[in-house]
Each structure stands twice: as C-alpha cells, then as structure tokens.
Amino acid sequence: MTTSHPRTAATAGYGAVLRAFARNDTRNIRRDSMLIGVLFGPFAYAFALWFVPPLTRFAATEWRFDLTPYHPLIVSSFTVLGPAAVLGSLCGLLLLDEKDQHTLAALRVTPAPPAAYPAYRAAMTVGLVTATTVLVLALCRLVPAAVVARGAAIGLLGGLLAVVIALLMAGPANNKVEGLALGKAVSMPLMFAPLVPYFFLDSPWQLAFGVLPSYWPARALWAAMDDGVFWPYIAGGLVYNLILVSLLVRLFAYRFR
C-alpha cells in the first residue's frame, strides 16, 4: 500500500482549491450582466480616445488652443487609470459576492491558507489589467509602438493599483451597497489626484504624490510618451504598490479567517 507525500497532497489540495476559484469566477461573471459590461469598459475608453485627434484640430481651429501637449495626460486617464479603476471595482464586487455567499467562511475547512483566496484574486486582477492596458494602448491610436511595447510594465503597475482599489473597497464593506460607496470614495481621489503633477513635472515636489499608488503608473506612461527614462517610476511603483498589496491581502485574510 502506498501513501502520498504530505507535500504532494497539499499541493494537489491547493490546485483543487484554485480550480474551484476559477470555476466560481466564471459562473459569477456569466450570470451577472453588469460584470460582463465592466469587463468591456476599458475598450470603450480606447474607442473614446479616437475622438481626441479631431477634437485637437477643432480646438486649434476654433479656439487657437493646442491640446497636443495634454495628450499624455488624457491617455493616462483612459488607458492606465481608467482600466485599473474599472477592473479593480470588478475584483471588489467579486470579493463582495464571495462574502455574501459565505464562500470565504467555507474556505476555512480547505487545505488552502487564509491568504490564498485574496492572493489568487490579486494575481488574476493584475494579469487581467496588464493585458487590458496593453490592448487599450494599442487600440487608442495616440501612442507609438514603442510606448505600446512598454505597456506591459506600466500595466503591471496598473494591475497592482486595481488590487489596492479592490481590497480597499471590499475589505471594510459588509455588502455590495457599502462596497460600491467605498469604491467611489477610494477610486475618485486615486484617479484624479495623480493627474495634478502633470502640470509641474519639472518640480521635485511632484514626487510628493508618490504616496498615491496611482501616481506611479501614470508618471511612468508620461515619461514613456515623452521618450524619457521611465524605469525609475516602474521600479518605485513596484516596490511601493507591492508593499501596499501585501499589507491589504494580509489584513483581508486576517479579518475573514
């Protein structure tokens, strides 16, 4: 008679739990049309950016105002911060669904540790936002191919930002109504405050906005679109946002263990 190694059994148990998470995600998204609409929201942003060039020409002709210098600001709002906010909210709603269905309580009897579910949700969100950011940058028609090629690194920061939004939205909330209210309260300053430094990029005081996790992906995109050095912002954003995500995942797991 053979016995399985404890580590092998545990690994198989984790795999079964992860597959159950994935099946549950698919079921939740299929049955909720709002969640499906949210998934396609970032591509609506890309389509909206198609109107920027004619709007730029109109502003130059009618108002003698050059909108071109503000294209990086507009692009960052629609291709980086927008998808992070939308897909972060989707992640938060899925977390709240699991709360309502008491799935998180049921996970206590599985071999997975308490942090496994929020960590899984975070990893899926980061992957989805990264891929979406690259696609939206490619479809928006306002950035060169070189910037699109750098989109994966920028999208990775956007994915971490989405996780921060999701955990701040779902962690303290007890239901979807509270979660949606928290989502608005959290996402609005995170989406708009980091745009302020764009107007004084030459000042070292712009780095004060680095306390906001949304500053780093937006600033990295501005640097990339200006053919500047963008890797310091990628590196700084990765370190800062990973610390935030790690803390929030642990807090979420501690509350619902």
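Just so you know, we're using full-length UniProt numbering here: the sequence shown kicks off at 1 and counts up by one. By construction, the Cβ of each residue, glycine as well, lies at the ideal position given by its N, Cα and C atoms.
Residue L190 holds the alpha-carbon nearest to the alpha-carbon of S89 among L195, A46, F47 and L190.
Assigned with DSSP and collapsed to three states, N175 falls in coil, not helix or strand. With distances taken between CA atoms, G41 lies nearest to A84 out of A84, W50, A59 and D202.
If you draw a 10 Å sphere on the C-beta of A173, you find 16 or more other C-beta atoms in it, and that means buried. Check the Cα spacing between S77 and each of V196, D227 and T61: the tightest is with V196. Around the beta-carbon of M225, 16 or more other beta-carbon atoms lie within 10 Å, marking it buried. Taking 4 residues as the shortest admissible run, the stretch 34–58 contains the following complete alpha helix (DSSP H) segments, listed from N- to C-terminal end: 52–58.
The DSSP-derived three-state label of C140 is coil. In this structure, V245 is the residue among P144, R57, V245 and L95 with its C-alpha nearest to the C-alpha of V164. The three-state reading of DSSP puts G183 in helix, counting H, G and I together.
A direct Cα-Cα distance of roughly 13 Å separates L39 from T130.
Within the same chain, and ignoring the five residues on either side of V86 in sequence, the residues whose Cβ sits closer than 7 Å to its Cβ are V38, G41 and P42. Within the same chain, Cβ atoms closer than 7 Å to the Cβ of G237 are found at L157, W216, P217 and A220, the five residues on either side in sequence being excluded. From the listed residues A208, L251, T26 and S214, the smallest Cα separation to F192 is found for S214. Annotation: D227 is outside any alpha helix (DSSP H) and is labelled neither H nor E by DSSP. The three-state reading of DSSP puts D100 in helix, counting H, G and I together. For A145, the enclosing alpha helix (DSSP H) begins and ends at A145 to A149.
Membership of S76 in the alpha helix (DSSP H) is indicated by the continuous run H71 to S76. Contact annotation: the stretch 131–149 touches the stretch 41–55, with at least three C-beta pairs closer than 8 Å. Put simply, the backbone Cα of K176 is about 18 Å away from that of N24. Looking at the backbone, the Cα of F21 and that of E62 are separated by about 54 Å. The Cβ-Cβ distance between A170 and L242 does not fall below 8 Å. Here L242 carries a helix assignment [DSSP, helix/strand/coil]. If you draw a 10 Å sphere on the C-beta of R121, you find 16 or more other C-beta atoms in it, and that means buried. Around the beta carbon of G127, fewer than 16 other beta carbons sit within 10 angstroms, so the residue counts as exposed.
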